[in-house]
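Trainee:
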Amino acid sequence: MGLMEDVMALCKRRGFVYAGSDIYGGLANTWDYGPYGSQLKKNILDYWWKTFVENRDDMIGLDSAILMNPRVWEASGHISNFSDPLMDCKNCKERVRADKLIEEKLNESVEGQSNEEIFAKVMDSKLECPSCSKVEWTEPRAFNLMFKTYQGVIEDTAAQVYLRPETAQGIFVNFKNITDSTRMRLPFGVGQYGKSFRNEITPGNFIFRTREFEQLEIEYFVHPDDADAKFDEWVEMYENFFKSLGVRSEKLKIRAHADKELSHYSTKTVDFEYEYPFGWGELMGVANRGCFDLNQHAEFSGKKLEYRDPITNEVFVPHVVEPALGLTRALLVLLLEAYEEEELEGGESRTVMHFDPKIAPVQVAVFPLQKKLSEDAIKVYRDLKTFFRAEFDESGAIGKRYRRQDEIGTPFCVTFDFDSQEDGSVTVRERDSMSQERVKIEDLRTYIMDKIWA
Ligand code: GAP
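Okay, so the sequence shown: first residue is 1143 according to the working numbering, each after it adds one.
1) CB of Ala-1466 to nearest heavy atom of the ligand GAP: below 6 Å?
2) I need the straight-line Cα distance from Gly-1423 to Asp-1592, nearest angstrom please.
3) CA-CA distance, Cys-1274 and Pro-1460?
4) DSSP beta-bridge partners for Met-1146?
5) Please classify Met-1143 as buried or exposed, where buried requires at least 16 neighbouring CB atoms within 10 angstroms.
6) Please name the residue or residues paired with Arg-1524 in a DSSP beta bridge.
7) Can you determine whether any heavy atom of the ligand GAP sits closer than 6 Å to the C-beta of Arg-1587, and answer yes or no?
8) Look at the alpha carbon of Val-1508 and the alpha carbon of Asp-1574, and state the distance between them as a whole number of angstroms.
9) Can you list, in chain order, the residues of its chain whose CB lies under 7 Å from that of Gly-1156, leaving out five sequence neighbours each side?
10) Between the stretch 1276–1285 and the stretch 1248–1267, are three or more C-beta pairs nearer than 8 Å?
11) Quick one, are the C-beta atoms of Phe-1534 and Tyr-1523 less than 7 Å apart?
12) Of the residues His-1439, Thr-1588, Thr-1493 and Lys-1393, which one's Cα is nearest the Cα of Val-1214?
13) Can you name, in chain order, every residue of its own chain whose Cβ lies under 8 Å from the Cβ of Ile-1186, other than the five neighbours on each side?
14) Could you give the distance in angstroms between the alpha-carbon of Glu-1216 and the alpha-carbon of Lys-1542?
15) Mind checking Lys-1402: buried by the 16 CB within 10 Å criterion, or exposed?
16) Tell me whether Ala-1240, by its Cβ, gets closer than 6 Å to a heavy atom of the ligand GAP.
17) Hey, out of Val-1462, Gly-1538, Val-1149 and Trp-1191, whose CA is closest to Asn-1437's CA?
18) If you compare alpha carbons, which of Gln-1334, Thr-1309, Gly-1566 and Lys-1318 is closest to Leu-1447?
19) Apart from the five residues on each side of it in sequence, which residues of its chain come closer than 6 Å, Cβ to Cβ, to Val-1195?
20) With three or more C-beta pairs closer than 8 Å as the rule, is the stretch 1358–1376 touching the stretch 1312–1332?
21) Under 8 Å by Cβ, that's how I've got Trp-1190 and Leu-1358 pegged, so tell me the actual separation to the nearest angstrom.
22) Just to check, is the beta-carbon of Gln-1505 closer than 6 Å to a non-hydrogen atom of the ligand GAP?
23) Here's a check: name, in chain order, each residue in its chain whose Cβ is nearer than 6 Å to the Cβ of Trp-1173, leaving out the five neighbours to either side.
24) Do you know offhand how far Asp-1413's Cα is from Leu-1404's?
25) In the DSSP assignment, find the unbroken alpha helix (DSSP H) run with Met-1265 in it and report its ends.
26) Would you kindly report the start and end of the unbroken alpha helix (DSSP H) that includes Arg-1213?
27) To the nearest whole angstrom, what separates the beta carbons of Leu-1287 and Phe-1224, a pair I think is in contact under 8 Å?
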């Protein structure tokens, strides 16, 4: 099996990720996050929030609604621009994305080109249907990726709303509320996390591209003169963020978008790409959105979205640097990075998830060597549980308990044995090195804390 299949199997076996609606035969490309997966996802989110929102004086948080006034999406350009060009093969009825076909076969981007231009390119280059090899295409049609739904009881166009395709717009439409209700001064940023929805034509690769996913987005508002410098700062901060979670630098690259590739709102974008088992692909993007969004919303809403500098009295529309990361995509990267099948001495092997201890779903497991020691071991467990994500396990041989914790990526296992009753110490086994150390129970909390935040 390849790495992706191994990780998917472990995710199901150990309760990280299950196929959605499993007992009903599933619903294609939907996934449910199990006990360890939901905890791991929350830990990544919490670490992101702490790093970029809570710990900083220039950042605040927001939690805006998923359903928004449809005019938001007119202003943002999503109604006119957020679509993929779809073509049907007249012979076998295969439906493909024309831009992807050109990208794959001709290694060219068609960003910004009209459907007529795209069609001409497909036909002139005689690009064959991947399914039946004929060149009998319908002209491309724009397929909008936003999910439509209806608000209220009447299903007519007046009641039609969209599930948000990004969390970002919730921040822009609250710019005035935020500057009116807080004392934030430029440069400042707003962080928001939450679900986004896109009716992707080619979802897949496990949780890499799904139609329902979670985003961690920041809109950082700056004076136009500062945008370039802040852009570089944010790129560097995210590089450090991934490093601090153990992502190997050789698996990560930063790629600047060519002019033709830029989204309609962006003057500069870089993607962080990761080397997935299926090849290099996007992990996140940092974009300079200029004043596009605030200007658009000012025009469509009729409300002024400006900033007055309290010292110089200069009035201007701030520019925006946007680091946008997919939480579920970050989760996939961290699962892939963590997975190892390790050969041990004596021909044995173990599967181990090398999660950074900060985000491991379980940080410490406590075992009594034998069941008769459970009462004392539980006391150690209860004490640790107030400070760490902890688990207690008294069943089976110690070796088996270690293997189970290795598979869920628990960095520390604490064994309470017969000597513990005499010397007040326990054995701490470290996941990666498998080394063991005797530690006094009274020092255990600081010992683990120091190791987690080392
Ligand atoms: N507000 C800007 C924005 O949404 P994006 O590049 O379209 O930019 C940002 O999305 C990030 O969201 C991506 O880099 C990726 O991590 C994640 N993302 C986007 N579409 C996704 C999908 N269909 N499934 C999972 N994650 C997705």
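We put the CB at the ideal spot given by N, CA and C, even for glycine.
Predicted model, so just to flag it, every value in this text is computed and none were measured.
Mentor: Here's the rundown:
1) In terms of side-chain proximity, the C-beta atom of Ala-1466 is found nearer than 6 Å to a non-hydrogen atom of the ligand GAP.
2) Within the model, the alpha-carbon separation for Gly-1423 versus Asp-1592 is close to 35 Å.
3) When only Cα atoms are considered, Cys-1274 and Pro-1460 end up about 52 Å apart.
4) As far as DSSP is concerned, Met-1146 takes part in no beta bridge.
5) With fewer than 16 other beta carbons inside 10 angstroms of its own, Met-1143 counts as exposed.
6) DSSP output for Arg-1524 lists no bridge partner at all.
7) Taken from the Cβ of Arg-1587, every heavy atom of the ligand GAP lies 6 Å or farther away.
8) Roughly 17 Å between the two C-alpha positions.
9) A quick correction: the sequence has Arg, not Gly, at residue 1156. Within the same chain, Arg-1156 has close Cβ partners Tyr-1178, Glu-1549 and Ile-1550.
10) As far as the Cβ criterion goes, the stretch 1276–1285 touches the stretch 1248–1267, which means the pair count is three or higher.
11) Contact: yes.
12) Ranked by how close their Cα comes to the Cα of Val-1214, the residues His-1439, Thr-1588, Thr-1493 and Lys-1393 have His-1439 in first place.
13) Cβ within range, chain order: Leu-1387, Leu-1469, Ala-1472, Leu-1473, Leu-1476 and Ile-1501.
14) In a straight line, the C-alpha of Glu-1216 is about 57 Å away from that of Lys-1542.
15) Counting the other CB atoms within 10 Å of its CB gives Lys-1402 a total below 16, which places it among the exposed residues.
16) The answer is no for Ala-1240.
17) Comparing Cα-Cα distances from Asn-1437 to each of Val-1462, Gly-1538, Val-1149 and Trp-1191, the minimum goes to Val-1462.
18) Nearest of Gln-1334, Thr-1309, Gly-1566 and Lys-1318 to Leu-1447, Cα basis: Lys-1318.
19) Met-1201, Gly-1203 and Gly-1333, listed in sequence order.
20) A contact exists between the stretch 1312–1332 and the stretch 1358–1376.
21) About 5 Å; that satisfies the 8 Å criterion.
22) Gln-1505: no, Cβ never under 6 Å from the ligand GAP.
23) For Trp-1173, where only same-chain residues beyond five positions count, the Cβ hits under 6 Å are Val-1159, Gly-1162 and Ile-1349.
24) Cα to Cα, the separation comes out at about 11 Å.
25) Boundaries of the alpha helix (DSSP H) around Met-1265: 1257–1266.
26) For Arg-1213, the uninterrupted alpha helix (DSSP H) segment begins and ends at 1212–1218.
27) Indeed, because the Cβ distance is near 5 Å, the residues count as touching under 8 Å.
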